[in-house]
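Using this note's numbering, the letters of the sequence shown map in sequence onto residues 1 to 222. Glycine residues also receive a C-beta, built at the ideal position from the N, C-alpha and C atoms.
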Amino acid sequence: MWKNHKPILFMVGISLVLGGCQIAKENGKEIKSSEMQELDLPDVRALQDEFTRGFIESTEEVEKGYYSFLSGTKRYRMLFPKEGVIHQGYGIRGDQFEGFLMSTINDNGTDSQIKINYYANESTENASVVLEILEGRVDQKLEFEKITSESSEVYYAPIEFEPDVFGIAALVVSLNGEGSVQIVYDTQCKNDKNECQQIKEEEIEKMIHWAGSFEFVDQEVQ
Numbered sequence: 001m002w003k004n005h006k007p008i009l010f011m012v013g014i015s016l017v018l019g020g021c022q023i024a025k026e027n028g029k030e031i032k033s034s035e036m037q038e039l040d041l042p043d044v045r046a047l048q049d050e051f052t053r054g055f056i057e058s059t060e061e062v063e064k065g066y067y068s069f070l071s072g073t074k075r076y077r078m079l080f081p082k083e084g085v086i087h088q089g090y091g092i093r094g095d096q097f098e099g100f101l102m103s104t105i106n107d108n109g110t111d112s113q114i115k116i117n118y119y120a121n122e123s124t125e126n127a128s129v130v131l132e133i134l135e136g137r138v139d140q141k142l143e144f145e146k147i148t149s150e151s152s153e154v155y156y157a158p159i160e161f162e163p164d165v166f167g168i169a170a171l172v173v174s175l176n177g178e179g180s181v182q183i184v185y186d187t188q189c190k191n192d193k194n195e196c197q198q199i200k201e202e203e204i205e206k207m208i209h210w211a212g213s214f215e216f217v218d219q220e221v222q
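Have a look at this one:
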């Protein structure tokens, strides 16, 4: 079902997501992005949307176009696109489950939707079962490839719903027993066919890079 690949160079950038949550000082007191007024913040959707802003750790980009996002469960971090927002329907159950839909506007004019589900009780032992669940969610037979880092495994496969709607299904699993994240990430391209093919290749590469940004938080050392 999947092929084993050696770690890719872009995984090196994952450590950048560890940026601290303090972003500014006012009268000597450190303040978080969630505590700042909208007028004081960069004019991007991730920071102008009040609910989304509550998950952003700093107004400083940790990678071009991305902020550091800390899960409501406090169990993982990831890159969050500056033009992304979290939609209604966000769900959380303590530190055991989190699920939400986010959307973002890409620099090339396309729109993307990303569905994320975190489960604390999933591990590498049941990864094959979860990959089958992902296939069921997108109603497609998928050929997953795998990227392994020091702390996680990322399984991903390209998906296509319509000729102009493409993306990846992915599973990020902690190697230290800290759970896993299921991802369905799709983008719609409304440009001409040739241009969309080039955009598709670029977007798929970006999606895989983004999936590699997830970093699980060790609760014992937090």
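Boundaries for Q140: no alpha helix (DSSP H) harbours it, and the DSSP string shows neither H nor E there.
For the options Y156, S149 and S151, the alpha carbon positioned closest to that of K141 is the one of Y156. In the structure shown, T124 falls within a helical segment according to DSSP collapsed to helix, strand and coil. Under the three-state reduction of DSSP, E50 is assigned to helix. For the pair T73 and N117, the Cα-to-Cα distance works out to about 11 angstroms. Minimum Cα-Cα distance from I168 among the listed residues L134, Y90, E63 and N106 corresponds to L134. By alpha-carbon distance to F161, the top candidate from V44, V138 and M78 is V138. If you keep only unbroken alpha helix (DSSP H) runs of at least 4 residues inside the stretch 61 to 142, you get 127 to 138. In the DSSP assignment, I199 falls within the alpha helix (DSSP H) that extends over K193 to A211. A check of alpha carbon separations from R53 across E63, K82, E122 and V62 identifies K82 as the nearest. The closest CA to that of V62, considering only F80, E203, D49 and S128, is found on F80.
For G167, the enclosing beta strand (DSSP E) has its first and last residue at V165 to S174.
Across the set F100, E202 and E150, the C-alpha of F100 shows the shortest separation from the C-alpha of H87.
For D186, the three-state secondary structure derived from DSSP is strand. A distance of 8 angstroms or more separates the beta carbons of V181 and Y90. Nearest neighbour of T187 by Cα position, chosen from E203, N194 and E195, turns out to be E203.
Between V173 and S123 a beta carbon distance of about 7 angstroms is seen, short of the 8 angstroms cut, so the two are scored as contacting. If you draw a straight line from the Cα of E178 to the Cα of E57, it comes to about 21 angstroms.
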